[in-house]
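Chains as they are written, first to last, in numbering that gives the first Met the number 0: chain G, 0 to 314; chain Z, 0 to 134; chain Y, 0 to 553. Even glycine gets a Cβ: it sits at the ideal position worked out from N, Cα and C. Report on the following structure.
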Amino acid sequence: MDYNKIVKAILNSDRIAIAKAITQIEDETGAYREILDALYPKLGNAYRIGVTGPPGAGKSTLTKHLARLIRTQNLSVGIIAIDPTSPYTGGAVLGDRLRMGELTLDRGVYIRSMASRGSLGGLAATATQAADVLDAAGYDVVIYETVGVGQVELDIADAADTTMVMLVPEGGDIIQGLKAGLMEIGDIFILNKYDRPGAERMQKDLEYVLHLKEPAGGWESRVLPTIANRGEKIDAVWQEIVHHREFLQAQNLLQTRRRARLEKRLKVLIRTEIEHRFWTPSREKMLSDYLKKEQQNISPYLLASQMVEELMRDS
Amino acid sequence: MGKKIRVLVAKPGLDGHDRGAKVVASAMRDAGFEVIYAGLRQTPEMIVETAIQEDVDVIALSILSGAHMTIFPRVMQLMRENNIADKLLTGGGIIPEQDMQKLLQMGVGKLFGPGSSTQDAVAYIREWVAKKQET
Amino acid sequence: MFNGIDQLYERKQKWIQEKERKTKDRDAKFITTSGEPVELLGTPDLLSDFDFDQDLGFPGEYPYTRGVHYNMYRGRLWTMRQFAGFGTPEDSNRRYHYLLKRGQGGLSIAFDLPTLMGRDSDDPLSEGEVGICGVAVSSLADMETLLQGLPLDRVSTSMTINSPAAIILAFYIAVAEKQGVSLPTLRGTIQNDILKEYIAQKEYIFPPEESMRIIVDMIEFCTEHTPQWNTISISGYHIREAGATAAQELAFTLADGFAYVEAAQKRGLDIDQFAPRLSFFFNAHNDFFEEIAKYRAARRIWARHMREKYGAKNEKSWLLRFHTQTAGCSLTAQQPENNIVRVAYQAMAAVLGGTQSLHTNSMDETHALPSEKAATIALRTQQVLAYETGIPHAIDPLAGSYFVENLTNKMEAQAEEYFSRIADLGGVIPAIEKGFFQTEIAKAAYQYQKEIENKDRIIVGVNDFQEENEKIEIPLLEIKKAVEEQQIRRLADLRKKRDNHAVNEVLAELKQAAAGTQNIMPILVKAAKVYATLGEMVTILKNEFGEYTEPTEF
């Protein structure tokens, strides 16, 4: 398919075209840049929500219920479910669809499973680009659902308008154990499996910690209890999302945030592009020759600056 | 990072014995593939729709119940109707040699019966994808 | 127990050195079927802490390591209970009459997949699966046909069904009541082990907590009304078939057992009333000694926990009685005659392990329901074992073997470790929701497959000793469309002829009971009698309890 055809098909919500475009984005093949370029002016329709949190918190279940709720509002929803790639084999088992099977045949729902592919900070870029495709295809809401491993959650916060952090009550002082940064990125906190012991206590602890934190631009993050596997209290979550969106719009923060994300993304793109151009076969050889020597004749710092000097000279 | 082979592993019908499906999924993960594990109780319609959205290269079905002569042709038909007949349809389970031949004639790929090696399945998929990329 | 243990240990080390000096091992991995390293040599030092009374004892006495009866097979041989099932209620009924005439004292009912999943024969998802791997039972009418002319007060019936077990039991009870049979005379077992469904077989419908509620309702009901009925067959067989190791089979099965005990106790039921009716079902896999140690450890662990932890006072509560089936997953499609040999060794392990009843697989079961000839050989395997080998003449003859006692201890220790881990996760149900069991099993299954593909593990006929150009002939499974069509017609008829007003009324009652805390069994029996169908009752319960989906843990 030549890329113009794909672009046209995407704008027509053709699912095969959407799927192929996302694959090209992930693989960085085909005319993915041209496609993204062409789709860029059509973006802005989709509201993007991130769902993060530790494994077992119930993210897939919540996402499923949220999607169902969104559908009753006559809105369409895209879901990007991210799971980690094995660092040893480069492969992945993507199992989020297990919980969301019943949504498969609803044409107003599009689910794409994505592996992190060991990207270093680039995951947000790929997921964002996939979301862009869904946005251009006319989906009203895009939900990023990530597994809570490594930096992924923090990355995804960069890609979403509203970020939700899901937690579950466990024994012990969970707040201390929470990953650094998690408390900062959440616009909404969800305490799932609220029927478990320790839930009320944990809610109080969370609320206390959030109270201490500086509200970002005046938004106070709340802690919402849910029992996702029974579909309980999902409406409250949706209401809060809507509320957050209204807040962002009222404070003009939506645009500000999107611009900030754009800047970040641009920098990542530029960095990636530079790296791409930097590593020519001759420079790769320079590096491997350097490493092969028993004793390096110059320090790595010197080599690095010499190589960059050369790049600057050549361009 | 380059092209990844994406495989949909699913079990159609009511049967819940997923040991084989999970072992195969693990082997494929270890071979560097991305496995979309759709799990149990999948209908042919769900399988094909998932294959579309996930843009998989391969659909791999685990069938132990004897219903393979109904399921495989039905999935094949839906693949054609939805313009994804260029993807590989394969699988394994309790499938007699004669039926494997019949299904091959219908456009289904190689199938793997009891005692098959996961490495053979992985190699088969790699070869198939490589060949497809050449054309 | 043994004198001079320390010197013996020294001498053993010296012997090991000599052995390494003088001999070279062949190129193989000396591991059990579960991947555990096998102790080279049994010596007394392995049992330095062994206490005859605490750890071994006598048969029929606490801790029952040696067996649950005083005289074991001298008193009564294990029951040779071959599981069978097929087609229409009429077909199965005919078979049951035939077997009873031939002197078999017990019936065994296998249900088809739709019934196992709580779906009527005319449910769209049942298409192609009606009557294939068992009998289709969608209503009391089917159960009446199935049990037509069979005196329920005089036969013992085993029913292999889980998620909709309560409803099927209700059908059985309704038939009994219609026969005028008094409920306390009913004898039999219903598998009803939902926890292993989440863990292994995956024939679940409702979520775990709700399913436990149903099971406790059944235990409560049966303890009062059908005290001779075994309410759960706590199963390890399926867990092993899914790929678990022997230690996992042992630990997960017993953990499930304890979970049922705890749930029933929580309801306020008296352990000494319900525990005697809990029974077990284990697998008999290839590693001979590992399996024997597993069964012995199982008895000892159950007795210890029931008496010490759960405070059971009735010795019948301490007894772990079990049925065994030889491992289906060990059968090969290649050179199927070899399966006869595998089954024989596995059966021998089960008997040396003290099983109460045994099913031996047929050699062709990798492909299809067994042929008559293969099924006969399977039965003869048990008979040769019983009458020609002399094994049943002595009770627990392997006791005292340094090797076997050491292995039994090891298995118990491994099980206890698993119990700790499960407790740390919050118990069996939280562990299920976190995917703990499923992950352990999937890892073990994958490991086993890798060992086979690396030839660390040899499977005769499959990765070694193959027949060149072997043609594997699998007999074609005829899908008898007639069975499905007949069932669908019958259901349509039933739905027209019954009192639909009464049905709707009782279904509303069921809904209410399910939403509250009332025991649902009496209402299920009531619903059965007005010919509400299995699917209708399950739908009501699904709406109240929800449906379960697996965690994404792999």
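Determine the DSSP secondary structure at residue i, reduced to helix, strand or coil.
i       : result
W278(G) : coil
N282(Y) : strand
G235(Y) : coil
P11(Z)  : strand
G74(Y)  : helix
Y203(Y) : coil
Y36(Z)  : strand
S138(Y) : coil
T49(Z)  : helix
Q485(Y) : helix
L63(Z)  : coil
F110(Y) : strand
M0(Z)   : Interpretation of M0(Z) is limited by its pLDDT of 43, a score under 50 that renders its predicted location unreliable; the figure taken from the coordinates is listed afterwards. Reduced to three states, the DSSP call for M0(Z) is coil.
Y109(G) : strand
I311(G) : Just to set this straight, residue 311(G) is Met in the shown sequence, not Ile. In the structure shown, M311(G) sits in a helix (DSSP, three-state: H, G or I).
Q413(Y) : helix
Using only CA atoms, which one of the options lies nearest to residue i?
i       : options                            : result
Q97(Z)  : Q76(Z), M68(Z), A30(Z)             : M68(Z)
I457(Y) : T22(Y), D26(Y), N191(Y), Q16(Y)    : D26(Y)
A30(Z)  : R125(Z), R73(Z), S61(Z), E44(Z)    : R125(Z)
Q128(G) : I155(G), L104(G), E309(G)          : I155(G)
S115(Z) : A26(Z), N81(Z), H16(Z), V55(Z)     : A26(Z)
K263(G) : A124(G), P168(G), D313(G), L253(G) : A124(G)
D121(Y) : R494(Y), Y417(Y), M158(Y)          : R494(Y)
V459(Y) : T156(Y), T323(Y), V340(Y)          : V340(Y)
V267(G) : I34(G), E213(G), A8(G), A158(G)    : A158(G)
F436(Y) : A254(Y), S329(Y), Q446(Y), S107(Y) : A254(Y)
R555(Y) : L145(Y), A412(Y), I394(Y), T32(Y)  : Since the first residue of chain Y shown is 0 and the last is 553, residue 555(Y) is not available in this structure.
V6(G)   : G52(G), V92(G), G137(G)            : G137(G)
P62(Y)  : G148(Y), R299(Y), K480(Y)          : R299(Y)
I428(Y) : V482(Y), L509(Y), Y171(Y), S210(Y) : S210(Y)
A135(G) : R282(G), G117(G), I9(G)            : I9(G)
S33(Y)  : A297(Y), K201(Y), N92(Y), S329(Y)  : S329(Y)
A331(G) : D1(G), E309(G), V236(G), V208(G)   : Outside the shown range of chain G, which is 0 to 314, sits residue 331(G), and nothing can be said about it.
Under 7 Å from any heavy atom of the ligand FMN, does the C-beta of residue i make it?
i     : result
Y2(G) : Only the bare structure without any ligand can be found here, which leaves the ligand FMN out of the picture.
Worksheet item: What are the residues of the segment 50-62 of chain Z that lie near chain G, defined by any Cβ-Cβ distance shorter than 7 Å?
Response: I51, Q52, E53, D54
Worksheet item: Counting pairs of Cβ atoms below 8 Å between the segment 196-206 of chain Y and the segment 218-228 of chain Y, do you hit three or more?
Response: Flag = no, the segment 196-206 of chain Y and the segment 218-228 of chain Y do not touch.
Worksheet item: With a cut-off of 8 Å, do at least 3 Cβ pairs link the segment 117-128 of chain Y to the segment 180-187 of chain Y?
Response: no
Discussion item. Is it the case that the segment 194-207 of chain G contacts the segment 219-234 of chain G, given that we only count it when at least three CB pairs across the two stretches are under 8 Å?
Written reply: Result yes; three or more Cβ-Cβ pairs closer than 8 Å.
Fill in: Interfacial residues, the segment 52-71 of chain G to chain Y, with Cβ spacing under 7 Å
G55, S59
Practice prompt. Check distances from the C-beta atoms of the segment 18-44 of chain Z to those of chain G and list, in chain order, the residues that come in under 8 Å.
Written response: A24, S25, M27, R28, D29, A30, G31, F32, E33, V34, I35, Y36, A37, G38, R40, Q41, E44
Item to complete: Could you tell me whether the segment 42-60 of chain Y touches the segment 403-416 of chain Y, where touching means 3 or more Cβ pairs closer than 8 Å?
Response: yes
Fill in: Length-filtered (3 minimum) beta strand (DSSP E) runs lying within the segment 295-346 of chain Y
321-325
Discussion item. By the 9 Å beta-carbon criterion, what residues does the segment 427-440 of chain Y contribute toward chain G?
Written reply: P429, E432, K433, G434
Worksheet item: Relative to chain Y, which residues along the segment 97-123 of chain G have a C-beta separation below 9 Å, given in chain order?
Response: L97, R98, M99, G100, E101
Worksheet item: Quick check: the segment 57-68 of chain G against the segment 4-19 of chain Z, are there 3 or more CB pairs under 8 Å?
Response: no
Worksheet item: Looking at C-beta atoms only, is the number of pairs between the segment 107-121 of chain Y and the segment 148-161 of chain Y that lie closer than 8 Å three or more?
Response: yes
Worksheet item: Going along the segment 93-114 of chain Z in order, which residues come within less than 7 Å of chain Y, judged by CB to CB distance?
Response: I93, P95, E96, G112, P113, G114
Item to complete: Residues of the segment 530-547 of chain Y with a CB closer than 8 Å to any CB of chain G: list them in chain order, please.
Response: G545
Fill in: the segment 196-222 of chain Y: positions lying closer than 8 Å to chain G by Cβ
P206
Worksheet item: Pairing CB atoms from the segment 34-42 of chain Y with CB atoms from the segment 251-270 of chain Y, are three or more of them under 8 Å?
Response: no
Practice prompt. Using a Cβ-Cβ cut-off of less than 9 Å, list which residues of the segment 215-237 of chain G approach chain Y; keep chain order.
Written response: Taking 9 Å as the Cβ-Cβ cut-off against chain Y, the residues of the segment 215-237 of chain G that qualify are N228, R229, G230.
Practice prompt. Check each residue of the segment 108-125 of chain Y: if its Cβ is closer than 9 Å to any Cβ of chain Z, include it; give the result in chain order.
Written response: L112, P113, L115, M116, R118, L124, S125
Discussion item. Taking contact to mean 3 or more Cβ pairs, one atom from each stretch, closer than 8 Å, check whether the segment 63-82 of chain Z and the segment 99-114 of chain Z are in contact.
Written reply: yes
Worksheet item: Using Cβ-Cβ distances below 7 Å, what residues of the segment 79-98 of chain G are close to chain Z?
Response: S85, T88, G89, G90, A91, V92, L93, G94, R96, L97
Worksheet item: How do the segment 230-241 of chain Y and the segment 524-539 of chain Y stand: do at least 3 beta-carbon pairs fall below 8 Å, yes or no?
Response: no
Discussion item. Using a Cβ distance threshold of 8 Å, determine whether the segment 311-324 of chain Y contacts the segment 345-361 of chain Y, with at least three qualifying pairs required.
Written reply: yes
Item to complete: With a floor of 4 residues, list each alpha helix (DSSP H) that falls wholly inside the segment 357-403 of chain Y, ordered by position along the chain.
Response: 371-386
Discussion item. For the structure I just gave you, are there three or more beta carbon pairs, one from the segment 74-91 of chain Z and one from the segment 49-59 of chain Z, closer than 8 Å?
Written reply: yes
Practice prompt. Kindly confirm or deny that the segment 74-94 of chain G and the segment 178-197 of chain G touch, where touching means at least three C-beta pairs closer than 8 Å.
Written response: no
Worksheet item: Do the segment 270-282 of chain Y and the segment 447-457 of chain Y meet, that is, are 3 or more Cβ pairs less than 8 Å apart?
Response: no
Worksheet entry | Residues in the segment 327-342 of chain Y having any Cβ partner in chain Z nearer than 7 Å | T331, A332, Q333
Fill in: Within the segment 70-119 of chain Z, ranges of the beta strand (DSSP E) (whole runs, at least 3 residues)
87-92
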